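Notes to accompany the following structure.
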Amino acid sequence: MKRKHSLVLVPLVASAMFLSACGSDDSGNDSGGDSGGDSGSSEAQGKIGVILPDTESSVRWESADRPALEAAFDEAGVEYEIQNAEGDAEKMTQIADTMIGNGVTVLAIVNLDSESGAAIQEKATSQGVSTIDYDRLTLGGDAEYYVSFDNTVVGELQGQGLADCLGDKDANIVYLNGSPTDNNATLFAEGAHSVLDEMSNYKVVGEQAVPDWDNEEAATIFQQLYTAADGKVDGVLAANDGLGGAAISILEGAGQAGKVPVTGQDATVEGLQNVLAGTQCMTVYKSATQEAEALADVAIALANGEEAETTGTTVDSSDDSEVPSILLTPQAITKDNVGDVIDDGGQKAEDVCAGDFAKLCEEAGIG
Ligand code: BGC
2 MKRKHSLVLV PLVASAMFLS ACGSDDSGND SGGDSGGDSG SSEAQGKIGV
52 ILPDTESSVR WESADRPALE AAFDEAGVEY EIQNAEGDAE KMTQIADTMI
102 GNGVTVLAIV NLDSESGAAI QEKATSQGVS TIDYDRLTLG GDAEYYVSFD
152 NTVVGELQGQ GLADCLGDKD ANIVYLNGSP TDNNATLFAE GAHSVLDEMS
202 NYKVVGEQAV PDWDNEEAAT IFQQLYTAAD GKVDGVLAAN DGLGGAAISI
252 LEGAGQAGKV PVTGQDATVE GLQNVLAGTQ CMTVYKSATQ EAEALADVAI
302 ALANGEEAET TGTTVDSSDD SEVPSILLTP QAITKDNVGD VIDDGGQKAE
352 DVCAGDFAKL CEEAGIG
């Protein structure tokens, strides 16, 4: 019963794109923004519900995604409700039930694991509510669309970033992967391996997934991997800034912070500060504004009973079904281009350059 629409949808999507390319309706989904006089085409009906996963696996969900989603929905003039499941799959299920009871017609979730996400989507679908996967694909789920970044490319950027920091020397690498229940974490690790495994001077001396992306547990896991490798670790492929920060804290204790390059993701304030300080070699910037606007476009199309524009399809590895998708392009950030994140509105200079970081920002030409 899953995604029974997918085969039919591809030609429909193609024709929808053709129609909109002919200028029949809809003002398109990119850069949009300009305040122009007219109110745009989005007289969205219905109501959109979004459930974010937690506040701990990354600060992004509350500090970047929520405000970006609010701005995108406000701009579109659509009714919406955004809640956070606080890392509790049961809570996410309850929130979904309440939202459906409150008349939500489109439900977007960032699942905490595919099983609970698929159950939420199945129930929603059975009640006539359309579902969207936001950021994380729900394996075996019902989502009609998937809105995210190209997560394999995120991993490739991390792998290449670490290689650029390590150079040609022989190096022992430890991988701190994201949650085993997050399909993105699988893609990040695959992407990173596809780059680093090609380089015969690098050796993997430890690799572990961090349950729920828990930063504290990440520090414990990294400490164990570091000890098991006798401290002979030359580089750390950490899947996001939180896990990177955990590795850096252990390296600090060992007097190795800044000597051992560590990767990250999300361009958080702390991640960017670590990049400026030289304890983190890179992060990956994924504009929350872009992702939220893409979600708003898709959600509004669904609410209006229209097809959404997509960039392609994503294969659900659990059943080989194809999910119409919008996959955005992530950007690698090193010391040289931290300013890009600030220029793009991804972070504020006053936050990144607070206190002791003012000097580093000045040196990097930021502020
Ligand atoms: C997201 C990352 C985030 C991680 C932890 C992933 O699914 O793509 O941006 O850091 O979850 O929340």
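Here the numbering used here is used: the first residue of the sequence shown is 2, the next is one more, and so on.
Each residue gets a CB set at the ideal place from its N, CA and C atoms; glycine is no exception.
Quick caveat, the model's predicted, so the values are computed rather than measured.
Option in the options with minimal Cα separation from residue i
{"i": "E87", "options": "E218, A69, S58 and F223", "result": "S58"}
{"i": "T315", "options": "C354, N152 and V211", "result": "N152"}
{"i": "E1", "options": "G340, E323 and A300", "result": "Outside the modelled stretch of the chain, which goes from 2 to 368, sits residue 1, for which no answer is possible."}
{"i": "V285", "options": "P325, G347 and V196", "result": "G347"}
Residue i to residue j span [Cα, whole Å]
{"i": "L328", "j": "L303", "result": "18 Å"}
{"i": "S366", "j": "Q281", "result": "One detail in the question is off: residue 366 reads as Gly in this sequence, not Ser. Going from the Cα of G366 to the Cα of Q281 covers about 19 Å."}
{"i": "T99", "j": "F223", "result": "39 Å"}
{"i": "D341", "j": "E63", "result": "21 Å"}
{"i": "L163", "j": "E364", "result": "23 Å"}
{"i": "G38", "j": "G259", "result": "In this prediction, G38 has a pLDDT of 31, which is less than 50 and means its spatial position is unreliable; what the coordinates show is noted afterwards. Taking the straight line joining both Cα atoms gives about 51 Å."}
{"i": "T335", "j": "G102", "result": "46 Å"}
{"i": "F358", "j": "L70", "result": "29 Å"}
{"i": "E76", "j": "E82", "result": "15 Å"}
Beta-carbon proximity list for residue i, same chain, < 7 Å, skipping 5 on both sides
{"i": "A229", "result": "G207"}
{"i": "A220", "result": "A247, S250 and I251"}
{"i": "I96", "result": "I52, Q84 and A86"}
{"i": "A278", "result": "L361"}
{"i": "A355", "result": "none"}
{"i": "A186", "result": "N178, G179, S180, A210 and A240"}
{"i": "D31", "result": "A caution first: D31 carries a pLDDT of 34, below 50, which makes its placement in the model unreliable, though a value can still be read off. So the list is empty, once near-sequence residues are dropped."}
Residue i (DSSP reduced to helix, strand or coil)
{"i": "K336", "result": "helix"}
{"i": "A350", "result": "helix"}
{"i": "V111", "result": "coil"}
{"i": "K124", "result": "helix"}
{"i": "K360", "result": "helix"}
{"i": "G47", "result": "coil"}
{"i": "T221", "result": "helix"}
{"i": "G192", "result": "helix"}
{"i": "L326", "result": "Correcting the residue type first, residue 326 is Ser in the shown sequence and not Leu. Residue state, collapsed to three classes: strand."}
{"i": "N275", "result": "helix"}
{"i": "D165", "result": "helix"}
{"i": "L53", "result": "strand"}
{"i": "T280", "result": "coil"}
{"i": "K92", "result": "helix"}
{"i": "N30", "result": "Confidence at N30 is low in this model, with a pLDDT of 32, below 50, so its placement is unreliable and the value that follows should be read with caution. If DSSP states are grouped into helix, strand and coil, N30 belongs with coil."}
Beta-carbon proximity list for residue i, same chain, < 8 Å, skipping 5 on both sides
{"i": "A73", "result": "T290, A293, E294, L296 and A297"}
{"i": "K204", "result": "D171, A172, N173 and I174"}
{"i": "T126", "result": "T132 and D143"}
C-beta neighbour in chain B for residue i, strict 9 Å
{"i": "A120", "result": "The structure shown has no chain B; it contains just one protein chain."}
Close Cβ partners of residue i (< 6 Å) along its chain, the five nearest in sequence each way excluded
{"i": "E123", "result": "D143"}
Cβ distance (whole Å) where residue i is taken to contact residue j below 8 Å
{"i": "D242", "j": "D267", "result": "5 Å"}
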